[in-house]
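Residue numbers (UniProt numbering), protein chains in the order written: chain C, 1 to 361; chain E, 1 to 361.
The beta-carbon is built from N, C-alpha and C at its ideal position, and this holds for glycine as well.
Values in this document were obtained by computation on a predicted structure and should not be read as measured data.
Structure, as structure tokens:
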């Protein structure tokens, strides 16, 4: 199928991924890494997945420090559309600037924002959902993709869905966005069938997004439009932009005002938030049903062990009698934890920063 | 106190220590390593401990492959008394040859055999026990040091003790040697108070040992006496010697014949058989009551972890939320296990040998 005329992808490539230390570091974060053993980094896989929908119309927004690495990973015309942020200003400024740039190129354009570090294995299912979302967006709605929850996850925000939107196959009105729930509420959400995970994927006309933003954060909307019109003013205007996430800046107030539509998605989606998540994305090692390896499986020797081994240090890794283990071997640092404690890896990074060892973070 | 005239130490330095892989390797086994963080290898600590008792009268028996490394670790005259075995022939041939060499130098000599890879922190207590053992040996007995058991260990053989030996402060007749017991029998042994661990430390006149050996293994006794008399025949005679442990060759039959005496010892003794054992020999890390580190504690970051980390790979080692863990980091291999599975580390070495990776063993 041909790409969708006038549809642009905006790919915010940020986030340190500290729960994936020592694989992910400040200098080469998660989105620059191949975390699935596919041979493509998360950023490359994201752009690959968007290709059939957007053709060359991809804008990647990343920090100054990573702009060169991002360009090096992208081939073809997308490499030229990398916007470097002088400093981190959260997702609204990043996506807003990309929207303003696209708006000037094509006033009718629809943009879709897709984080550079999420994994969606089923590209075909993804494409079908986005095609509907673009149609809904053209009608003037702010569309969010609502992922069908497969567990009562407490690490994601949820969207409560309402009535079907007339004229579209699957779209539903969004009633409200809700913050990350506790386990009890998450279980209720899952049981109700009314809630979906908010994966942070928004599809909307660039002009609609900026007009909505203007309503609640006029300075921010004006700021990104100024930079798009006069790129030489980036360093002057950017530092004054409000630091706010797109959810709080636009999506939540727009939902309250009845402007948000959910296109439901049942494809598998993972934000690779920690090593437990990473483990679930890897195929089991042949002959070791409960062991997953990222890197060189030939370097791993196990006896009665299950879990995930990241073998990128070029050394022999042996695990004996530990279940649900996480072993991450890199040339200069080694992590040992369990799947259930995967979220606490962040505390190692905190401890290293506190000890002045940012060379290791 | 002066050394004991006519008392010689025999130090068999062998054993691969496969349960201490990847720290211990075939090419640089356990006895050549500093496993206590003391700055001295196990071999050096053994010779240091014997110095006050034997002066320069120490004979180290080791494999050809390790003779140079052993000499390099020993300074002073002991370095010159290294006997290199052309091939492994078990402990009776090793200790028997040393006994035959000593017998020719001093027909009245008493020898004590002490493995090169055991740890005895209290040198003073050790000295007192050995001084009594030498006196008992001079009276013609085969003396074994009986370690007071501190747990129902199933990894050691035991000695059952009988009546006191008249004329000596603590010596007891040995009733029998018993093989490594199961947990239930070990518990009974411990409760009875009659049993002691057999640490493989024998003290005996060289001539008494060889005469006893002659009774049960005349060819072996003759063989080591021939080599001692004509060292140039080593390569010819050695390969024909019976492969047998000293316990089976002499100690057990001698006990049955009423020739063995136990000198009890209450000092701490450890054969550093695995990483659980090694952990118990290391001091706790400051501020981390349940964590022990061999190597550089500065390289270790832990969050809710206990156990032992061997940090000799020069890299950062981080452990999050794992109790009783064993992490051994070396430049070319890494091991993750638990204290309770420490004995199974041998299976990694078996697997590597089977896979043809003896470069790693």
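Legend entry - Exposed unless 16 or more other CB atoms sit within 10 angstroms - verdict on residue 180 of chain E: exposed
Legend entry - Chain-order list of residues whose beta-carbon lies under 7 Å from that of residue 301 of chain C (same chain, five-residue window excluded): 316 and 318
Inset, instruction - For chain E, find out if any of its Cβ atoms is closer than 8 Å to the Cβ of residue 339 of chain C; answer yes or no. - result: no
Legend entry - C-beta contact flag for residue 90 of chain E and residue 227 of chain E at 8 Å: no
Inset, instruction - For residue 299 of chain C, count neighbouring C-beta atoms within 10 Å of its own C-beta (all shown protein chains included) and say buried if the count is 16 or more, exposed if not. - result: buried
Inset, instruction - Have a look at the DSSP bridge pairing and note the partners of residue 158 of chain E. - result: E:178 and E:197
Legend entry - Beta-carbon proximity list for residue 329 of chain C, same chain, < 7 Å, skipping 5 on both sides: 310, 311, 312, 313, 315 and 317
Inset, instruction - For residue 372 of chain E, name the three-state secondary structure that DSSP assigns. - result: Nothing about residue 372 of chain E can be reported from this structure: the residues present for chain E run from 1 to 361 only.
Legend entry - Coarse secondary structure for residue 202 of chain E, derived from DSSP in three states: strand
Inset, instruction - Count the other CB atoms, across all protein chains shown, that sit within 10 Å of the CB of residue 75 of chain C; report buried if there are 16 or more and exposed otherwise. - result: exposed
Inset, instruction - Taking the CB atoms as reference points, tell me whether residue 20 of chain E and residue 278 of chain E lie closer together than 8 Å. - result: yes
Legend entry - Assigned exposure category for residue 1 of chain C - 16 Cβ within 10 Å defines buried: exposed
Inset, instruction - Sort out for me which residues DSSP pairs residue 318 of chain E with in a bridge. - result: C:335 and E:301
Inset, instruction - Would you kindly check if the distance between the Cβ of residue 146 of chain E and the Cβ of residue 196 of chain E is under 8 Å? - result: yes
Inset, instruction - In angstroms with no decimal places, state the Cα-to-Cα distance between residue 141 of chain E and residue 216 of chain E. - result: 17 Å
Legend entry - Closest Cα partner of residue 347 of chain C within the set E:360, E:320 and E:234: E:320
Inset, instruction - Would you kindly check if the distance between the Cβ of residue 174 of chain C and the Cβ of residue 132 of chain C is under 8 Å? - result: no
Inset, instruction - Whole angstroms is fine: what's the gap from residue 229 of chain E's alpha carbon to residue 236 of chain E's? - result: 13 Å
Inset, instruction - With residue 126 of chain C as the anchor, note down where its alpha helix (DSSP H) starts and where it stops. - result: 123 to 138
Legend entry - Selection of the segment 305 to 326 of chain C by Cβ proximity to chain E, strictly under 7 Å: 315, 316, 317, 318, 319, 320, 321, 322 and 325
Inset, instruction - Using three-state DSSP, classify residue 23 of chain C as helix, strand or coil. - result: coil
Inset, instruction - Please confirm if the segment 218 to 225 of chain E is in contact with the segment 148 to 167 of chain E, defined as three or more CB-CB distances below 8 Å between the two stretches. - result: no
Legend entry - 7 Å Cβ cut-off: residues of chain C touching residue 344 of chain E: 303, 320 and 321
Legend entry - CB contact below 8 Å: residue 333 of chain E versus chain C: yes
Inset, instruction - Can you give me the start and stop residues for the alpha helix (DSSP H) that residue 192 of chain C sits inside? - result: 183 to 192
Legend entry - CB contact below 8 Å: residue 347 of chain C versus chain E: yes
Inset, instruction - Report the rounded CA-to-CA distance for residue 123 of chain E versus residue 73 of chain E, giving the unit in angstroms. - result: 20 Å
Legend entry - Residues near residue 67 of chain E in its chain [Cβ-Cβ closer than 6 Å; skip 5 each side]: 82 and 84
Inset, instruction - Compare the beta carbon distance of residue 178 of chain E and residue 261 of chain E with 8 Å and say whether it is the shorter of the two. - result: no
Inset, instruction - Take residue 9 of chain E as the anchor and find which of E:17, E:303 and E:98 has the nearest alpha-carbon. - result: E:98
Inset, instruction - Just the C-alpha distance for residue 161 of chain C and residue 271 of chain C, rounded to the nearest angstrom, thanks. - result: 22 Å
Legend entry - Enclosing alpha helix (DSSP H) for residue 227 of chain E [first to last residue]: 218 to 229
Legend entry - Short CB-CB distance (under 8 Å) between residue 245 of chain E and chain C: no
Inset, instruction - Using a Cβ cut-off of 8 Å (strictly closer), state whether residue 329 of chain E contacts chain C. - result: yes
Inset, instruction - Using a Cβ cut-off of 8 Å, pull out every chain C residue sitting near residue 351 of chain E, in sequence order please. - result: 301 and 303
Legend entry - Contact belief for residue 143 of chain C with residue 202 of chain C at Cβ below 8 Å, rounded distance in angstroms: 7 Å
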